[in-house]
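Protein chains in written order, with this note's numbering: chain U, 1039 to 1370; chain L, 1039 to 1370.
2 protein chains.
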Amino acid sequence: MRTLVTGGAGFVGSHLCERLLAEGHEVICIDSLITGRRENVAHLESQRQFTFILHDVTEPFFVAGPLDAVLHFASPASPKDYLEHPIHTLKVGGLGTYHTLGLAKAKGAVFMLASTSEVYGDPEVNPQPETYWGHVNPVGPRSVYDEAKRYAEAMTIAYHRAHGVPVRFPRIFNTYGPRMRLNDGRALPNMMSQALREEPVTVYGDGSQTRSFCYVSDLVEGIYRLLLNSAAGLLIVNLGNPEEVTLAQMAREILEVTGSRSEIVFQPLPEDDPRKRCPDITRAKQILGWQPQISRLEGLNKTLPYFREALGEKESGDRRQESEKETMNDER
Amino acid sequence: MRTLVTGGAGFVGSHLCERLLAEGHEVICIDSLITGRRENVAHLESQRQFTFILHDVTEPFFVAGPLDAVLHFASPASPKDYLEHPIHTLKVGGLGTYHTLGLAKAKGAVFMLASTSEVYGDPEVNPQPETYWGHVNPVGPRSVYDEAKRYAEAMTIAYHRAHGVPVRFPRIFNTYGPRMRLNDGRALPNMMSQALREEPVTVYGDGSQTRSFCYVSDLVEGIYRLLLNSAAGLLIVNLGNPEEVTLAQMAREILEVTGSRSEIVFQPLPEDDPRKRCPDITRAKQILGWQPQISRLEGLNKTLPYFREALGEKESGDRRQESEKETMNDER
């Protein structure tokens, strides 16, 4: 199979490229590197079956040759990232989805949209099944991402209904693992970094809001099964770990795993922050025979070496900058 | 003032162009004529202050000279129309909004988005205030319009927040009056046409679902006041008539106004048809000093001559086609 992955140098995208290569796909990875990082796919670039194209899919593009699948995973995905790039986030969900759907249609390829639990907004039912319509503020600060993804879903469905493009979309819940950016603003890398630096660990609100964290290899397994599923022309499936944890409990677990002696501090909750978010994965179990295999303790332990290394690199980088500054000061 | 109106040859757009001209604006009307009609603005084309440009705003465009306001009113707007043009409806809310916002930003113009009560979906509170987040099915048949408008709102707000573009958007509830297309599929022109033809008048569902109908001159008054309001950089205001009526009652009133002896027949309800839709216009009253002036009886009577004439033209057109067919048959 010849498969295109937009956002292939992002956190989830790069793990997906890796898996597709391992399964024998030829992989074309497109990324603008706005929030993706070339290092995430550096280890793949020597493989003949892998091609990296630096391109922003909000601009029209075309890829020569046949394609069996188009996987649209490009988008800033953490609140910090999409609030830094609000218009670009809207564009990649709108224009980017339009361009990649057009390509899938032209190539007769299967189209997969990386959708998100954010389409459920601040949900009024818990856990959320795929049939839940969501509770999203169209004009709130998070709408640049939430509404872009809802629009992307609507357009994906429209291409399926009007042009018969076979489409699948996972609605991806919180995911973690190696290659998350330390500074992407999410709770887990924040807390991990703070704990490893022995700084106070920040919990927003009173910490009673819940999340469910899925380890990245579990997610990729679900995505891969969804991609290969030939059952129907349209599949919408929640992928996430249904085990809920409060953010306060998560902070305690991170202190334990890292062996940190940091204290936990509480800060005010950002606007429209969801109180609860937990996938109902009944459909994924039934259709894909999928459920997460990696426990939180196991996943945190698997992620820890990455964070230690990334933090070490960052800090030695910071120290290098500091010493360069000092050198410059000396020279003046 | 020099004002651009996209969708200016549509039902609401053409009334708006008329009003702006009457208030001394220079008006540039852009329309793709996909659902708009050149006849709607034919009576304005002799005015020097009016320019018609045939263009589809889903394609990039630029307008020479200064602009004080950009009013983005282009979109298929009835369920029948947007289900006939699903991808185009998504594009005009996405790409069209992006292009017109870019123009407003470049010109330093005020931007107005014609938003809609459809952003509230099938609401769970009644009447709906502007603060209500809505209840929309992102993957239902109506999502091509609802999600496109929610996306358009999110992008409009993002341009305001990121670039300081002054933005206003009316959320427009059901509106009626001259220049509605007979075949746009909405309840009112459907019922009117059926009543005038002495055909059975169709009510979908059991007729207990409610709507609120605003006469077009009332709506345009509200839009004009909103446009001129200089109070703030961002204004979101419901515009509609808060007087609710069941569709069954509406059917009876139409029979009365038209003097028709048609019977009322009931048909199954389409998917995701909203049960209720009624604006809370507290904000419009406070900020704009606006409320509808035209009663339903008065509005129906004002609209009747248009429907009689349009129906007469259509029928004589149909008869002409029939007799042409007969002539052709004779000639064979």
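All residues carry an ideal CB built from backbone N, CA and C; glycine is no exception.
With DSSP as the reference, label M1229(L) as helix, strand or coil.
Residue numbering aside, residue 1229(L) sits at position 191 when the second sequence is read from its first letter. Reduced to three states, the DSSP call for M1229(L) is helix.
Going by beta-carbon coordinates alone, are T1213(L) and L1257(L) separated by less than 7 angstroms?
As a working note, residue 1213(L) is residue 175 in the second sequence. As a working note, residue 1257(L) is residue 219 in the second sequence. For T1213(L) and L1257(L), yes; Cβs fall inside 7 angstroms.
Cβ neighbour criterion (16 or more within 10 Å) applied to L1042(U)
Along the first sequence, one-based indexing puts residue 1042(U) at 4. The residue in question, L1042(U), is buried, as its Cβ has 16 or more Cβ neighbours within 10 Å.
Considering only residues of the same chain and omitting the five flanking positions on each side of L1133(L), which have a CB-CB separation below 7 angstroms?
As a first step, residue 1133(L) must be located in the second sequence, where it is residue number 95. Excluding residues within five positions, the ones whose Cβ falls inside 7 angstroms are T1096.
Any beta-carbon of chain L closer than 7 angstroms to the one on Y1120(U)?
Mapped onto the first sequence, residue 1120(U) falls at position 82. Not one chain L Cβ lies under 7 angstroms of Y1120(U).
Identified DSSP bridge partners for G1159(L):
Numbered from its first residue, the second sequence carries residue 1159(L) at position 121. According to DSSP, which records beta bridges pairwise, G1159(L) is partnered with H1173(L).
Segment contact, 8 angstroms Cβ cut-off, at least three pairs: the region 1047 to 1067 of chain L with the region 1215 to 1228 of chain L:
Contact holds: three or more Cβ-Cβ distances are below 8 angstroms.
Element boundaries [beta strand (DSSP E), containing Y1274(U)]:
Against the first sequence, residue 1274(U) aligns to sequence position 236. The sequence shown places Ile at residue 1274(U), rather than the Tyr named in the question. I1274(U) -> beta strand (DSSP E) spans L1272 to L1277.
Applying a beta-carbon distance threshold of less than 7 angstroms, which residues of chain L neighbour G1172(U)?
Residue 1172(U) sits at position 134 when you count from the first residue of the first sequence. Here the neighbours are P1176.
With which residues is I1125(L) paired in a DSSP beta bridge?
Locating residue 1125(L) in the second sequence gives position 87, counting from the first residue. Answer is none; I1125(L) lacks a bridge partner.
Spatial neighbours of Y1344(L) in its chain, beta-carbon cut-off 6 angstroms, leaving aside the 5 residues before and after:
Numbered from 1 along the second sequence, position 306 holds the residue referred to as residue 1344(L). So the qualifying residues of the chain are P1216.
Checking 7 angstroms against the spacing of the C-beta atoms, do R1188(U) and N1276(U) come in under that value?
To locate residue 1188(U), count along the first sequence from 1; it is residue 150. To locate residue 1276(U), count along the first sequence from 1; it is residue 238. It is not a contact, given that the beta carbons lie outside the stated cut-off.
Count the other C-beta atoms from every protein chain shown that fall within 10 angstroms of the C-beta of E1369(U), then say buried if there are 16 or more, exposed otherwise.
The count along the first sequence starts at 1 and reaches residue 1369(U) at position 331. Low confidence applies to E1369(U): its pLDDT is 40, below 50, so where it sits in the model is not reliable, and the reading given next is rough at best. Burial state of E1369(U) is exposed, judged by a 10 Å Cβ sphere holding fewer than 16 other Cβ atoms.
S1084(L) touches chain U at which residues, Cβ-Cβ below 7 angstroms?
Along the second sequence, read from residue 1 onward, the residue named residue 1084(L) stands at position 46. None at all; the shortest Cβ gap to chain U is about 39 angstroms.
Based on Cα-Cα distance, which residue from R1040(U), V1130(U) and H1063(U) lies nearest to T1073(U)?
Numbered from 1 along the first sequence, position 35 holds the residue referred to as residue 1073(U). Per the Cα distances, V1130(U).
So, does the CB of L1371(L) fall closer than 7 angstroms to a CB anywhere in chain U?
As shown, chain L starts at 1039 and ends at 1370. That puts residue 1371(L) outside it, with no answer to give.
Cutoff 7 angstroms: L1128(L) Cβ touching any chain U Cβ:
What you label residue 1128(L) is simply residue 90 of the second sequence in a count that begins at 1. For L1128(L), the answer is yes, since a Cβ of chain U falls inside 7 angstroms of its Cβ.
Those residues which DSSP pairs with Q1329(U) across a bridge:
As a first step, residue 1329(U) is located in the first sequence; it is residue number 291 there, counting from the start. Partner(s): none; Q1329(U) has no beta bridge.
Which of helix, strand or coil does DSSP assign to V1050(L)?
Counting from 1 along the second sequence, the entry for residue 1050(L) is found at position 12. Looking at V1050(L) - three-state DSSP - the assignment turns out to be helix.
Is any heavy atom of the ligand ATP found at a distance shorter than 6 angstroms from the C-beta of I1091(U)?
Judged by which ligands are present, the structure shown has none, so any question about the ligand ATP falls away.
Between which two residues does the alpha helix (DSSP H) holding R1290(U) run?
Position 252 of the first sequence, counting from 1, holds the residue named residue 1290(U). Residues L1285 to T1296.
Does the Cβ-Cβ distance between K1143(L) and V1203(L) come in under 7 angstroms?
The residue you call residue 1143(L) lines up with position 105 of the second sequence. The residue you call residue 1203(L) lines up with position 165 of the second sequence. Yes, Cβ-Cβ distance for K1143(L) and V1203(L) is below 7 angstroms.
Please decide whether V1079(L) counts as near chain U, where near means a Cβ-Cβ distance under 7 angstroms.
The residue you call residue 1079(L) lines up with position 41 of the second sequence. Judged by the 7 angstroms Cβ criterion, V1079(L) is not in contact with chain U.
In angstroms with no decimal places, state the Cα-to-Cα distance between L1338(L) and L1054(L).
Here residue 1338(L) corresponds to residue number 300 of the second sequence, with the count starting at 1. Here residue 1054(L) corresponds to residue number 16 of the second sequence, with the count starting at 1. Whole-angstrom Cα-Cα distance: 20 angstroms.
Start and end residues, alpha helix (DSSP H) containing D1184(L)
Locating residue 1184(L) in the second sequence gives position 146, where the first residue counts as 1. Run containing D1184(L): S1181 to H1201, per the alpha helix (DSSP H) assignment.
Contacts of A1196(L) in chain U (Cβ-Cβ under 9 angstroms):
The sequence position of residue 1196(L) within the second sequence is 158, counting from 1. Within chain U, the residues near A1196(L) are P1124, I1125, T1127, L1128, S1181 and V1182.
If you draw a straight line from the alpha carbon of P1179(L) to that of V1205(U), how long is it in whole angstroms?
Reading the second sequence from its first residue, position 141 is the one you call residue 1179(L). Reading the first sequence from its first residue, position 167 is the one you call residue 1205(U). Distance between the alpha carbons of P1179(L) and V1205(U): 16 angstroms.
Residues of chain U with CB closer than 7 angstroms to the CB of Y1344(L), please, in chain order.
Your numbering for residue 1344(L) matches position 306 in the second sequence. Result: empty, since nearest Cβ-Cβ is about 33 angstroms, beyond 7 angstroms.
Quick one: what's Y1242(U) bridged to in DSSP?
Residue 1242(U) sits at position 204 when you count from the first residue of the first sequence. Answer is Q1305(U), bridged to Y1242(U).
Rounded to whole angstroms, what's the CA-CA distance from M1366(L) to K1352(L)? Just pull it up for me.
Numbered from 1 along the second sequence, position 328 holds the residue referred to as residue 1366(L). Numbered from 1 along the second sequence, position 314 holds the residue referred to as residue 1352(L). Interpretation of M1366(L) is limited by its pLDDT of 47, a score under 50 that renders its predicted location unreliable; the figure taken from the coordinates is listed afterwards. The alpha-carbon atoms of M1366(L) and K1352(L) are separated by roughly 21 angstroms.
Taking CB distances under 7 angstroms as the criterion, tell me whether V1157(U) reaches chain L.
Position 119 of the first sequence, counting from 1, holds the residue named residue 1157(U). Output row for V1157(U): interface = yes.
Return no unless some Cβ of chain U is closer than 7 angstroms to the Cβ of A1115(L).
Residue mapping note: residue 1115(L) aligns to position 77 of the second sequence, counting from 1. No, no contact with chain U.
Same chain, Cβ closer than 6 angstroms to E1064(U), neighbours up to 5 away in sequence not counted
Residue 1064(U) sits at position 26 when you count from the first residue of the first sequence. Excluding positions up to five away in sequence, the list reads R1040 and Q1087.
Does the separation of the CB atoms of R1321(L) and E1191(L) fall below 7 angstroms?
As a first step, residue 1321(L) is located in the second sequence; it is residue number 283 there, counting from the start. As a first step, residue 1191(L) is located in the second sequence; it is residue number 153 there, counting from the start. Their beta carbons are not under 7 angstroms apart, which means R1321(L) does not touch E1191(L) by this criterion.
Backbone secondary structure at L1338(L) - three-state DSSP
Here residue 1338(L) corresponds to residue number 300 of the second sequence, with the count starting at 1. The answer is helix: DSSP assigns L1338(L) an H, G or I state.
Near-chain U residues of the region 1240 to 1273 of chain L (beta-carbon distance less than 8 angstroms), N- to C-terminal order:
none
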